[in-house]
Structure formats: structure tokens, C-alpha cells
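Report on the structure given below.
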Amino acid sequence: MSVFPHIDLNNGKKVLMVKGKPFIMLAGEVHNSSSSSLAYMEQVWEQAKALGMNCLLLPVTWELTEPREGEFDFSLVKGLIRQARQHGMKIGFLWFGAWKNAQCYYAPEWVKKDLKRFKRAQVIKGKSFIRNESFYNMPYSTLSYLCRETREADARAFGRLMAYIREIDGDENTVVSVQVENESGIMGAAREHSEEADSVFEDMVPQDFADYMNFHADTMAGDVRDAIEQGACRGSWKEVFGDAAEEIFSAYHVAGYINAVAEAGKKEYPLPMTANCWLNKPGDVPGGYPSGGPVSRMMEVWRYCAPCIDIIAPDIYARNFTEICDEYTRLENPLYIPECATHSYAASRAVLCVGRYNAFCYSPFGIEDMGMPFSGGQEFLFGVDVTDPALNIPQDVEEYGRINRMLNDLMPLIADKYGTRDLQAASCETGPTASFHMGAYRIDAVFEGPMMKRRDGACLVVRESEDTFYLIVHAASVQFFSADPSRQSLDILSLEDGQYIDGKWVRDRRLNGDEAVMTSYDRPTLLKVRLFAYD
Ligand code: DGJ
Numbered sequence: 015m016s017v018f019p020h021i022d023l024n025n026g027k028k029v030l031m032v033k034g035k036p037f038i039m040l041a042g043e044v045h046n047s048s049s050s051s052l053a054y055m056e057q058v059w060e061q062a063k064a065l066g067m068n069c070l071l072l073p074v075t076w077e078l079t080e081p082r083e084g085e086f087d088f089s090l091v092k093g094l095i096r097q098a099r100q101h102g103m104k105i106g107f108l109w110f111g112a113w114k115n116a117q118c119y120y121a122p123e124w125v126k127k128d129l130k131r132f133k134r135a136q137v138i139k140g141k142s143f144i145r146n147e148s149f150y151n152m153p154y155s156t157l158s159y160l161c162r163e164t165r166e167a168d169a170r171a172f173g174r175l176m177a178y179i180r181e182i183d184g185d186e187n188t189v190v191s192v193q194v195e196n197e198s199g200i201m202g203a204a205r206e207h208s209e210e211a212d213s214v215f216e217d218m219v220p221q222d223f224a225d226y227m228n229f230h231a232d233t234m235a236g237d238v239r240d241a242i243e244q245g246a247c248r249g250s251w252k253e254v255f256g257d258a259a260e261e262i263f264s265a266y267h268v269a270g271y272i273n274a275v276a277e278a279g280k281k282e283y284p285l286p287m288t289a290n291c292w293l294n295k296p297g298d299v300p301g302g303y304p305s306g307g308p309v310s311r312m313m314e315v316w317r318y319c320a321p322c323i324d325i326i327a328p329d330i331y332a333r334n335f336t337e338i339c340d341e342y343t344r345l346e347n348p349l350y351i352p353e354c355a356t357h358s359y360a361a362s363r364a365v366l367c368v369g370r371y372n373a374f375c376y377s378p379f380g381i382e383d384m385g386m387p388f389s390g391g392q393e394f395l396f397g398v399d400v401t402d403p404a405l406n407i408p409q410d411v412e413e414y415g416r417i418n419r420m421l422n423d424l425m426p427l428i429a430d431k432y433g434t435r436d437l438q439a440a441s442c443e444t445g446p447t448a449s450f451h452m453g454a455y456r457i458d459a460v461f462e463g464p465m466m467k468r469r470d471g472a473c474l475v476v477r478e479s480e481d482t483f484y485l486i487v488h489a490a491s492v493q494f495f496s497a498d499p500s501r502q503s504l505d506i507l508s509l510e511d512g513q514y515i516d517g518k519w520v521r522d523r524r525l526n527g528d529e530a531v532m533t534s535y536d537r538p539t540l541l542k543v544r545l546f547a548y549d
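For the sequence shown, our numbering begins at 15 and goes up steadily by one.
Structure below.
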């Protein structure tokens with residue numbers, strides 16, 4: 015029997031296993047429309063390879079998969095899988111079903127046109143369409159999370175998709191994960207306001223859910239916890255969840271809907287499944303960001319209501335990148351970033367995500383444009399800001415490719431160290447300096463200072479054995495120390511740059527003399543160092 019891509023534990027940490035080996039998705043998400051054309055994709059696969067990626071995240075849309083109800087067309091899925099294999103790469107598919115950016119852009123026209131059967135969310139009572147004042151006055155409509163017909167149709171289509179993927183890829187495992195929907199939730203209000211929604215909101219909260227929320231209140235965001243602790247143990251949504259009731263109500267129904275879709279898919283082919291989220295910013299109210307979506311403050315609700323979703327995946331465009339990574343690795347949620355910016359922190363964030371957060375997936379968005387001057391609203395999306403020059407500079411593609419190739423080559427060693435202190439990383443975004451304590455040694459990295467010309471560095475250290483280390487150093491300098499109080503002196507036995515190919519070190523230069531003193535690296539460099547501590 016085939017062992018499909020699945021999640022396993024390594025040193026107590028979740029890892030993605032593909033064909034019996036850990037696999038880290040060093041991915042890129044393509045623009046929304048790219049994967050609708052196989053011809054267009056040819057050049058995108060080439061770009062991804064040049065960027066050292068081992069995987070692409072590709073939309074598969076409901077509208078093109080089921081153009082007429084019950085008639086399925088998987089020709090794109092088949093073609094994309096064939097292309098990935100030709101390029102020696104993997105795929106994470108993104109199911110653009112009922113939700114895409116909290117709207118219903120990708121529902122097929124037979125769904126969009128039948129408003130009676132496939133009800134729209136009434137953000138304002140009686141209205142299926144609004145101009146959303148809380149979001150730049152944009153036209154807004156989405157499908158109702160309470161509509162059973164929509165959920166069943168969406169789930170049926172997704173089930174057929176997963177069955178097809180299993181049929182053509184169950185042995186080869188080119189497809190390693192699937193995202194169910196895209197940035198779910200509703201904009202413009204914290205919950206739906208149809209007659210039906212009002213009446214369900216007045217109903218009693220299912221008791222097992224109320225109990226679960228009370229029992230898990232400790233880990234929740236402050237205001238959610240307070241609302242639950244002050245609320246009743248049983249009663250209507252408002253009585254149990256107080257001021258957090260409307261968002262929790264939406265999350266309960268959105269997560270339940272997405273779980274039903276994921277479950278239909280898993281029945282056919284149980285690949286790891288994710289739900290991505292449009293993040294809330296401090297001060298945002300639900301509805302100003304998609305209410306009911308899997309934001310960190312609703313993670314406990316999603317855990318309860320969507321057991322078929324393995325990972326909550328943040329789309330990170332905000333500046334406080336590391337804080338968000340910390341938030342989304344709570345509750346043993348592995349770090350899976352399907353979308354992030356392509357400004358010049360992109361490469362150092364890849365290093366950080368793998369080395370510090372033991373990521374499943376790191377994937378900048380719109381990789382077709384990486385390295386090009388920002389356009390089409392990217393400045394806005396990426397939070398470009400003159401106070402931080404690194405945000406204004408597009409990622410250097412050659413450097414990105416080098417870093418990804420280093421991570422890829424070291425993958426067996428790195429993945430083996432997931433969940434241990436033998437793998438550590440830091441970047442300019444975690445502080446100007448960092449110290450990695452590993453056994454008898456300490457390795458310091460410096461990202462800011464007179465020696466450093468740039469401010470977008472990162473450093474990853476992996477300990478292979480007691481005194482042998484590999485380092486990815488990018489725009490940083492490193493120094494080595496003994497951390498053993500009984501052997502405080504230190505010699506560098508050997509320092510080399512080079513490559514790690516097929517599990518073996520291939521030396522380029524032996525670094526000694528000046529090069530063993532001035533250990534500062536402006537460009538991505540892979541080092542191997544052997545240390546010796548003595549009295
Ligand atoms: C977030 C969405 O999930 C993506 O599909 C894309 O629309 C990006 N925003 C940016 O354009």
C-alpha cells in the first residue's frame with residue numbers, strides 16, 4: 015500500500031513526510047491566474063527552478079473544475095502535475111472554492127446565478143451585495159456560511175478533485191498538500207445578519223462546544239478569554255461568549271463548512287490540508303478583516319470545528335513577521351506560510367522560518383515578479399515604508415536561489431534536527447545580534463555594525479556532531495566561542511566554504527589566516543566549521 019504524504023513527528027515536532035523522507039516546502043505561490051494556463055506556467059516553472067524552489071503553490075478553481083454542475087474538467091490539474099514532474103518539483107494545490115479573499119470570485123457561474131439555492135451572506139439584513147465601507151468602499155458579496163446547498167456542492171467538487179489527484183498521483187506523490195478555500199470569512203460585519211442567521215445566533219450554543227471553549231480559555235487572546243470567562247456556561251451565543259460572540263459564531267460556522275469540504279476530500283485522498291488566513295492587524299475589528307477566518311484569536315474554535323484541517327497558515331505581509339510566526343506556532347501548529355512579501359527580507363525569512371520555526375512551508379507570493387520593481391499595489395500589500403530601506407528593495411533573485419539551494423541540499427540534515435537545539439537560526443528581524451548555544455560551543459551572529467553594509471541578514475546553524483557545524487550565513491558576520499566553563503579556550507580546527515551535495519560536503523575554499531579572522535559574509539555563504547575547546 016502506498017504511504018501518502020502525511021504529517022509525522024520528529025523529535026516531537028511535526029514534519030511533512032513525502033516518500034518516507036521529511037520534506038520542507040521551499041515554495042512559491044504563483045499569481046492567482048497563472049495556473050489557469052499550462053502554456054503560461056512553462057516559464058513560471060523555470061523561474062521557480064532558478065529561485066531554488068522545490069515546490070509551487072498553485073490555485074485550482076471551482077469555476078474551471080466544474081463549469082457545469084456535475085461536469086468535471088481536470089485537464090489543468092493533470093497538466094500541472096505533469097509539468098511539476100518534468101521539472102522535478104512538488105505541488106501544493108489551493109482550492110479556490112466558495113471563498114477567495116472572503117469573496118466568492120471563483121464559484122462557478124451556475125452557483126453565482128442561483129441566489130435562491132446558493133444563498134449569499136447578508137452582511138446587512140436583506141442585502142446580498144454591499145459596498146464595503148470598512149474596506150475602501152469595495153463591492154462586496156460572498157456566499158453564506160450557513161447555506162447547506164453551497165457546502166454540499168463545494169464538498170462534492172473538492173471530493174472529486176481529491177479522488178482525481180489520488181488516481182493519477184497516489185503513487186508518485188507530486189502533490190504534497192492542499193489548501194482548502196482561500197482566506198475565508200466575511201467582510202463588513204462580524205457575522206451574517208439574515209433572518210436565519212439571527213435565529214441561529216439566538217439558539218443555544220451546542221453544549222460540547224461551549225464546554226470546550228471554557229476549558230481552553232487560558233490559551234486564548236485576552237479579550238476572547240475575558241469574554242468567555244465572564245459569560246454563562248450555557249445559553250445563547252451572546253450569553254456564553256459576550257462581546258466575542260459574533261466572531262466566534264462566524265468562526266464556528268466557517269470552520270464547520272471548511273471542515274465538511276476537507277472531510278469530503280480526505281475521504282478520497284487524505285493529504286495534509288491547510289486553511290490560510292487574512293490576518294487581523296492590531297485595532298482591527300472582525301469584519302474589518304474576514305470574520306470567522308482562522309486568525310490566531312480563533313485558533314481554538316478552528317481546532318474544535320475543523321479537525322480535518324491540519325494546519326492554520328498565515329498569509330504574512332505585515333512588518334511584524336516574527337511576532338506573527340510566534341503567534342501561529344501556538345498550539346503545536348506547524349509554521350506554514352503560503353504567502354509573504356518578495357521584498358528584500360524574503361531570503362532571510364526563508365532561513366529564519368526553517369532554522370528557527372522548523373517550518374513546513376515558506377512561500378513568497380507572486381514569485382513571477384520576484385526581483386522586479388514593485389508594481390500593481392505591491393508597495394501597499396508589502397507595507398513598503400521609507401523608514402526601513404529593506405522594505406523598498408525587491409529581493410535579489412540570484413541570492414534567493416542560492417539560499418534555497420543551500421536549504422534544499424542540507425534538507426536531510428536540517429529536517430533530522432527539527433525539534434532539537436542542534437538547529438537554530440536568527441535574522442536581522444530578531445535583533446541586531448544572536449547567540450546560538452550548542453553543546454560545548456557558542457556561535458554568535460551579528461547583523462548590524464560597522465562591518466555590515468546591509469540590513470537584511472540571516473544565519474542558520476546546524477550541528478552535525480559534537481564539534482562540527484554547518485552555517486548558512488547571509489549578510490552577517492559570525493564568531494565562535496567555547497561555552498564550556500572547564501575548557502574556555504577555542505581553536506578553529508577547520509573553516510571551509512562550499513556545498514553540501516547528496517549528503518556530502520564538497521569544499522570550495524579552505525578559509526584560514528585573514529579569512530578565519532574576518533568572518534563576515536555579505537552574500538549567502540555555506541560554511542563548515544570544526545571547533546576545539548581546551549583549557
Ligand atoms: C491574498 C490572497 O490570498 C492571494 O490570493 C492574493 O490575492 C494576495 N492576497 C495578493 O494579491
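All C-beta atoms in this analysis are idealised placements derived from N, C-alpha and C, irrespective of residue type, glycine included. Owing to the predicted nature of the structure, the values given are computational and were not obtained by experimental measurement.
- Looking at the unbroken alpha helix (DSSP H) that takes in Cys319, where does it start and where does it end? Start at 1 with the first residue of the sequence shown, and residue 319 comes out as number 305. Met313 to Cys319 is the span of the alpha helix (DSSP H), which, as asked, contains Cys319.
- How about Phe110 and Leu285: are their beta carbons less than 8 Å apart? The sequence position of residue 110 within the sequence shown is 96, counting from 1. The sequence position of residue 285 within the sequence shown is 271, counting from 1. Cβ distance not < 8 Å, so Phe110 and Leu285 don't count as in contact.
- Between the CA atoms of Val309 and Asn294 - distance to the nearest angstrom: In the sequence shown, residue 294 corresponds to position 280, counting from 1. In the sequence shown, residue 309 corresponds to position 295, counting from 1. Approximately 7 Å, taken between the alpha carbons.
- Query: If you count every other CB in all the chains shown that lies within 10 Å of the CB of Ile138, and 16 or more means buried, which is it?
  - Reply: Position 124 of the sequence shown, counted from the start, is the residue given in the question as residue 138. When all chains shown are included, Ile138 counts as exposed.
- Considering only heavy atoms of ligand 1, list every residue whose Cβ is less than 6 Å from one of them, following chain order. Asn46, Asn115, Asn196, Glu197, Asp329, Glu353, Phe379 and Leu395
- Item | Between the CA atoms of Gly249 and Ser377 - distance to the nearest angstrom | The sequence position of residue 377 within the sequence shown is 363, counting from 1. The sequence position of residue 249 within the sequence shown is 235, counting from 1. Going by the C-alpha atoms only, they are around 43 Å apart.
- Could you say which of Ser191, Arg162, Ala41 and Lys33 lies nearest to Phe107 if we only look at CA atoms? The sequence position of residue 107 within the sequence shown is 93, counting from 1. Cα-wise, what sits closest to Phe107 is Ser191.
- Task: Give the C-beta separation of Ser496 and Ala454 to the nearest angstrom, bearing in mind that I take them to be a contact with Cβ-Cβ under 8 Å.
- Result: Mapped onto the sequence shown, residue 496 falls at position 482. Mapped onto the sequence shown, residue 454 falls at position 440. Contact holds; Cβ gap of about 6 Å.
- Task: Below 6 Å CB to CB, which residues in the same chain sit around Glu77 once its five sequence neighbours on both sides are set aside?
- Result: As a position in the sequence shown, residue 77 is number 63, starting the count at 1. For Glu77, where only same-chain residues beyond five positions count, the Cβ hits under 6 Å are Tyr120 and Pro122.
- Task: Taking only runs that begin and end inside the region 101-176, name each unbroken beta strand (DSSP E) of 3 or more residues, in chain order.
- Result: 104-114, 144-146 and 152-154
- Query: Is Leu345 buried or exposed, if buried means 16 or more other CB atoms sit within 10 Å of its CB?
  - Reply: Within the sequence shown, numbered from 1, the residue matching residue 345 stands at position 331. Burial call: exposed.
- Grab me the residues of Met31's own chain with a C-beta within less than 6 Å of its C-beta, minus the 5 sequence neighbours each way, in chain order. The sequence position of residue 31 within the sequence shown is 17, counting from 1. Taken in chain order, the residues that qualify are His20 and Asp22.
- Query: Does the Cβ of Ala489 have 16 or more other Cβ atoms within 10 Å, making it buried, or fewer, making it exposed?
  - Reply: For this step, residue 489 is matched to residue 475 along the sequence shown. It counts as buried.
- Item | Start-end ranges of the alpha helix (DSSP H) lying completely within the region 520-544, minimum 4 residues | 528-531
- Assuming Leu540 contacts Met420 (C-beta within less than 8 Å), just tell me the rounded distance between them. To locate residue 540, count along the sequence shown from 1; it is residue 526. To locate residue 420, count along the sequence shown from 1; it is residue 406. With 8 Å as the limit, Leu540 and Met420 qualify as a contact, their Cβ atoms being about 5 Å apart.
- Task: Whole angstroms is fine: what's the gap from Asp549's alpha carbon to Thr444's?
- Result: Sequence index remark: in the sequence shown, residue 549 carries index 535 (1-based). Sequence index remark: in the sequence shown, residue 444 carries index 430 (1-based). Each residue's alpha carbon lies about 33 Å from the other.
- Message: Is any non-hydrogen atom of ligand 3 found closer than 7 Å to the C-beta of Asp340, if you look at the structure I gave you?
- Response: Because ligand 3 does not appear in the structure shown, any question about it cannot be addressed here, the ligands present being ligand 1.
- Message: I'd like the span of the beta strand (DSSP E) that includes Ile325, first residue to last.
- Response: Here the question's residue 325 lines up with position 311 in the sequence shown. First-last of the beta strand (DSSP E) with Ile325: Ile325 to Ile330.
- Message: Less than 8 Å between the beta carbons of Ile323 and Asn372, yes or no?
- Response: Taking the sequence shown and counting its residues from 1, the one referred to as residue 323 is at position 309. Taking the sequence shown and counting its residues from 1, the one referred to as residue 372 is at position 358. No, Cβ-Cβ distance for Ile323 and Asn372 is not below 8 Å.
- Please determine if the region 375-392 and the region 34-48 are in contact, where contact requires at least 3 C-beta pairs separated by less than 8 Å. yes
- Minimum C-alpha distance to Asp183 - residue among Tyr226, Thr482 and Arg96: Residue 183 sits at position 169 when you count from the first residue of the sequence shown. Looking at the Cα atoms, Arg96 is the closest of the given residues.
- Query: Quick one: is Met15 buried, meaning 16 or more other Cβ sit within 10 Å of its Cβ, or exposed?
  - Reply: Residue 15 sits at position 1 when you count from the first residue of the sequence shown. Unreliable positioning characterises Met15 in this predicted model, as indicated by a pLDDT of 48, which lies under 50. The coordinate reading is nonetheless provided below. Met15 comes out exposed.
- Message: Suppose contacts are defined by Cβ-Cβ distances below 8 Å. Is Tyr331 in contact with Phe229 by that definition?
- Response: Looking up residue 331 in the sequence shown gives position 317. Looking up residue 229 in the sequence shown gives position 215. Their beta carbons are not under 8 Å apart, which means Tyr331 does not touch Phe229 by this criterion.
- Task: Have a look at Val543 and Thr533 and give me their C-alpha separation to the nearest angstrom.
- Result: What you label residue 543 is simply residue 529 of the sequence shown in a count that begins at 1. What you label residue 533 is simply residue 519 of the sequence shown in a count that begins at 1. So the alpha carbons of these two residues sit roughly 11 Å apart.
- Message: On the criterion of 16 or more Cβ atoms from any shown chain inside 10 Å, does Val299 qualify as buried, or is it exposed?
- Response: Taking the sequence shown and counting its residues from 1, one reaches residue 299 at position 285. Counting Cβ neighbours within 10 Å, Val299 comes out exposed, since fewer than 16 surround it.
- Inside the region 395-421 only - alpha helix (DSSP H) runs reaching at least 4 residues: 403-406
- Query: Considering only C-alpha positions, which residue in the set Val365, Tyr226, Met386 and Met313 is nearest to Gln61?
  - Reply: Working through the sequence shown from its first residue, we reach residue 61 at position 47. Ranking Val365, Tyr226, Met386 and Met313 by Cα distance to Gln61 puts Met386 first.
- Item | CB of Glu197 within 8 Å of CB of Gly307, strictly | Position 183 of the sequence shown, counted from the start, is the residue given in the question as residue 197. Position 293 of the sequence shown, counted from the start, is the residue given in the question as residue 307. Yes; because the gap between Cβ atoms is below 8 Å, this pair is in contact.
- Message: Pro304 and Ala327 - do their beta-carbons sit closer together than 8 Å?
- Response: For the purposes of this step, residue 327 is taken as the residue at position 313 of the sequence shown. For the purposes of this step, residue 304 is taken as the residue at position 290 of the sequence shown. No; because the gap between Cβ atoms is not below 8 Å, this pair is not in contact.
- Run the CB neighbour count on Asp423, radius 10 Å, all protein chains shown included, and call it buried at 16 or more, exposed below. One-based indexing of the sequence shown puts residue 423 at position 409. It is buried - the Cβ of Asp423 has at least 16 other Cβ atoms within 10 Å.
- Gln97 by DSSP, collapsed to three states: which one? Here residue 97 corresponds to residue number 83 of the sequence shown, with the count starting at 1. Helix at Gln97.
- Contact set for Lys92: own chain, Cβ-Cβ below 7 Å, skip 5 residues either direction: Here residue 92 refers to the residue found at position 78 when the sequence shown is read from its first residue. Excluding sequence neighbours, Lys92 sits near Ile182.
- Message: For Ser264, which residues in the same chain have their Cβ closer than 8 Å to its Cβ, ignoring the five residues on either side in sequence?
- Response: Taking the sequence shown and counting its residues from 1, the one referred to as residue 264 is at position 250. So the list reads Tyr159, Gly199, Ile200, Ala204, Arg205, Glu206, Pro300, Ser305 and Gly306, once near-sequence residues are dropped.
- Message: Between Lys35, Ala41 and Lys27, which has its C-alpha nearest Val365's C-alpha?
- Response: To locate residue 365, count along the sequence shown from 1; it is residue 351. Per the Cα distances, Ala41.
- Are the Cβ atoms of Glu393 and Ala289 separated by less than 8 Å? Position 379 of the sequence shown holds residue 393. Position 275 of the sequence shown holds residue 289. Cβ atoms of Glu393 and Ala289: not closer than 8 Å.
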